[in-house]
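The listed protein sequences correspond, in order, to chains F and V.
Just so you know, the working numbering puts 266 at position 67 of the first sequence, and the rest follows in order with no gaps.
Just so you know, the working numbering puts 530 at position 304 of the second sequence, and the rest follows in order with no gaps.
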Amino acid sequence: MFFVGLGHSHVVALARGAYALQARGAQFAGEPFSSKFHYLYDAPYEPPFLETEEGRRLNPSIADALSDGDPLFVLTSVGGNEHNVVSIAQRGPRFDFILGEQPELPLDARSEIIPEAAIRETLRDWMEPKVEVLRAISATTARLVVQIEPPPPLPREQVLAYPKEFFRTVFDQRRMSSDTLRYKMWRVQTALLREACESIGAHYVDTPADMMDDDGMLMLSFCGKDATHANEAYGEAMIERALQLVARQTALAG
Amino acid sequence: MTHRDHPYRNRPDYAYWRRSVAEAPAGELDPFVSGAFTIGRRESVATAGSCFAQHIGRYLKAGGSNYMVTEAPHPVLTDKGALAANYGVFSARYGNIYTARQLVQLFDRAYGRFAPREDVWQESGRVFVDPFRPNIQRGGFNSEREFHLDRERHFRAVREMFENMDVFVFTLGLTEAWRSKADGAIFPVCPGVAGGTFSADNHEFINFGVDDVAADMRDFIAKLTAVNRRVRIILTVSPVPLAATAENRHVLVSTIYSKSVLRVVCDMLARALPNVVYFPSYEIIASGHAGHYFADDQRTIREEGVAHVMRVFARHFLTGSEDSALFARARRTLDVIRGAESQPPTNEAAALEAAFKAMCDEEALDRPFD
Chain F
200 MFFVGLGHSH VVALARGAYA LQARGAQFAG EPFSSKFHYL YDAPYEPPFL ETEEGRRLNP
260 SIADALSDGD PLFVLTSVGG NEHNVVSIAQ RGPRFDFILG EQPELPLDAR SEIIPEAAIR
320 ETLRDWMEPK VEVLRAISAT TARLVVQIEP PPPLPREQVL AYPKEFFRTV FDQRRMSSDT
380 LRYKMWRVQT ALLREACESI GAHYVDTPAD MMDDDGMLML SFCGKDATHA NEAYGEAMIE
440 RALQLVARQT ALAG
Chain V
227 MTHRDHPYRN RPDYAYWRRS VAEAPAGELD PFVSGAFTIG RRESVATAGS CFAQHIGRYL
287 KAGGSNYMVT EAPHPVLTDK GALAANYGVF SARYGNIYTA RQLVQLFDRA YGRFAPREDV
347 WQESGRVFVD PFRPNIQRGG FNSEREFHLD RERHFRAVRE MFENMDVFVF TLGLTEAWRS
407 KADGAIFPVC PGVAGGTFSA DNHEFINFGV DDVAADMRDF IAKLTAVNRR VRIILTVSPV
467 PLAATAENRH VLVSTIYSKS VLRVVCDMLA RALPNVVYFP SYEIIASGHA GHYFADDQRT
527 IREEGVAHVM RVFARHFLTG SEDSALFARA RRTLDVIRGA ESQPPTNEAA ALEAAFKAMC
587 DEEALDRPFD
């Protein structure tokens, strides 16, 4: 079995995970599998859409990658860091919001409380360019599309440890948001992404609870070497979940 | 007085239909004659009212006026995110205020003088709707806690607006409304339409008359001037027809009734109160004599009509707007906004996004790809 993977930065950990599994001889439905990953920030895939006489089209390089090698399914990891862009640091007066799914989570009462509806639409706005790519991928291929949930936010100590240059140049690290706020923001983003997948018929692989600590942060054993990305172990775990999902789907179809 | 001398002799051009209406160049009909005052660049202008009032605020903001927004969006929100929650549509997030009674009750609620019994509508699941601004944000509020916290902030913003604005532009829209039988609370939208559940036992229809609207407006103006002595008030009547009437008659008949009542009350108030003027946006649009400004649905006001109204408004009220420079700037700004697919992120947000992209690139340096 062969599958193809495409995505933005989080796809790196997934690719490492997949290749590690393959190297160890991991199997899918009793047989070895292989994969090929494409990094959508690479030159051939940028920009993701081209304006042609027939209208706006998915970049042909992306379209070609979807069918190259006759994959069983297409694994995607589009976007995923928008919640970090919006909330990793506090810009302006400190803010917080109530997560409707878990209204009991701590709230910084001294900060400005923004309605979740406004947060949601803001994230939807930030996510739209990447979701548009996912929509186009789904519309272009007849194969199963499996979107991997972006990893939960990394714990504060991890964010501040890697790489310090990033925080010195972009914002005052004293303005960093609480883990709780960053978790809530991630939850809103993942709900939007799941909703987008449902609307286009893509499958969605979520993060298992045992990969998160009590505060909803990605456990240190799955953190990468920077402020927002996961590592190869995370990639392995998520690829295995994706393969299980595809096995169930193909069994149902077959 | 001879037979050649009479009160109509030597009247100014504007008093004559032929000179001021029939012969007015296209787009130049200007029925505003007296009562103008200058709104200084630093003077803050707040707006409220029905749908048409949104246009006034939009133009004032885009034209560089000191448009007062006391319930501003947090900087973390994008323009789309803020707009989806109706930030900046009016000076505070009260949504459309269609009737004079609704305006008085907003004042009273903000100052803790009126607490309607039907305070919040809990929809299915965890959706809570504010009966007095049911469309203020998509999906309502996610919890009773969020609802109360937001409304607390909203009322603070409303009080701040009332107490500090220099000019209040209020557009009266409707006379028809639905109210609570329990305490007379006026709902901007009939319960059951955008939230809540309609019940004939709890809700009733009312169509206000001239005396009702005049009394409500006088009540509001008295309360407002008690907290803000310097405020000047510009009243307008929305030219947007009723979408539907609850009276057992044709919607056009109901529309003319409502607009007539509102127009009469504006005249009464402007004649009687020194800090109130009437601005004839209704006449410019609805009379049909200044141009055909209704869209195909005969209800939506075309942008040209709004532009005409605001051109006349700017000419009479805004500093240095003799040549409509401010108006022109507003039009250009609005054109840009309409043309933009999305608003650019703030510099800081853009820097963050770029930094993340850089991080992504760094991540990919040790690439597992072919």
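For glycine and all other residues, C-beta sits at the position ideal for the given N, C-alpha and C.
- By the neighbour-count definition (other C-beta atoms within 10 Å, threshold 16), D427/V is an exposed residue.
- At a cut-off of 7 Å between beta-carbon atoms, D267/F makes no contact with chain V.
- Just so you know, the alpha carbons of K485/V and G399/V end up roughly 8 Å apart.
- A check of alpha carbon separations from F202/F across H209/F, A214/F and S208/F identifies A214/F as the nearest.
- DSSP places C416/V outside both helix and strand once states are collapsed to three, so it counts as coil.
- T339/F is outside the set of residues whose beta carbon lies under 7 Å from a beta carbon in chain V.
- In this structure, the beta-carbon distance from V332/F to V285/F does not fall below 7 Å.
- Closer than 8 Å at the C-beta level to chain F, one finds these residues of the segment 354 to 386 of chain V: Q363, R364, G365, G366, F367, N368, S369, R371, E372, L375, D376 and R379.
- Comparing alpha-carbon positions, the option among T296/V, R528/V and E402/V lying closest to H281/V turns out to be R528/V.
- Here DSSP, grouped into helix, strand and coil, assigns K424/F to coil.
- The Cβ of E394/F sits no closer than 7 Å to any Cβ of chain V.
- For P233/V, no Cβ of chain F is located within less than 7 Å of the residue's own Cβ.
- Sequence-distant partners of V330/V (beyond 5 residues in either direction) whose C-beta falls short of 6 Å from its own C-beta, in its chain, are D442, D445 and F446.
- Two segments are said to touch when three or more pairs of C-beta atoms, one from each, lie closer than 8 Å; by this definition the segment 414 to 432 of chain F touches the segment 354 to 361 of chain F.
- The C-beta distance from E269/V to V436/V rounds to 32 Å, too long to fall under 8 Å, and the pair is not in contact.
- Q388/F and F272/F have their alpha carbons spaced roughly 24 Å apart.
- W347/V is positioned such that its CB atom lies no closer than 7 Å to that of G410/V.
- What A311/V touches in chain F, judged by beta-carbon distance under 8 Å, is P314, A316, A317 and E320, going in chain order.
- Note on R327/V: 16 or more other CB atoms within 10 angstroms of its CB, so buried under the neighbour-count rule.
- Note on L544/V: 16 or more other CB atoms within 10 angstroms of its CB, so buried under the neighbour-count rule.
- With its beta carbon less than 7 Å from one in chain V, A214/F belongs to the interface.
- The three-state secondary structure of A408/F, taken from DSSP, is helix.
- Within the same chain, A310 come within 7 Å of R364/V by CB-CB distance, once the 5 residues on both sides are set aside.
- The beta carbon of R319/V sits no closer than 7 Å to any beta carbon of chain F.
- Among the bridge pairs identified by DSSP, N433/V is matched with E402/V.
- Taking 7 Å as the cut-off, the Cβ atoms of M416/F and P351/F count as close.
- Cβ atoms of A441/F and I347/F come within 8 Å of each other, at about 6 Å.
- Taken in chain order, the members of the segment 281 to 305 of chain V whose beta-carbon sits within less than 9 Å of a beta-carbon on chain F are P299, H300, P301, V302, L303, T304 and D305.
- R245/V is a Cβ neighbour of D239/V, given a cutoff of 7 Å.
- Taking a beta-carbon distance threshold of 7 Å, R237/V does not count as an interface residue toward chain F.
- At a beta-carbon threshold of 7 Å, the residues of chain V lying near G299/F are R352, N368 and S369, ordered along the chain.
- Listed along the chain, the chain V residues whose CB falls inside 7 Å of the CB of E311/F are H300.
- Of the residues Q289/F, E230/F and D295/F, the one whose Cα lies closest to the Cα of Q372/F is Q289/F.
- By the criterion of a C-beta distance shorter than 6 Å, R381/F is surrounded in its chain by S286 and P352, once the five residues flanking it on both sides are discounted.
- Contact annotation: E320/F and G299/F have beta-carbon atoms that are not nearer than 7 Å.
- By the neighbour-count criterion, in which a residue is buried when 16 or more other Cβ atoms sit within 10 angstroms of its Cβ, A217/F is buried.
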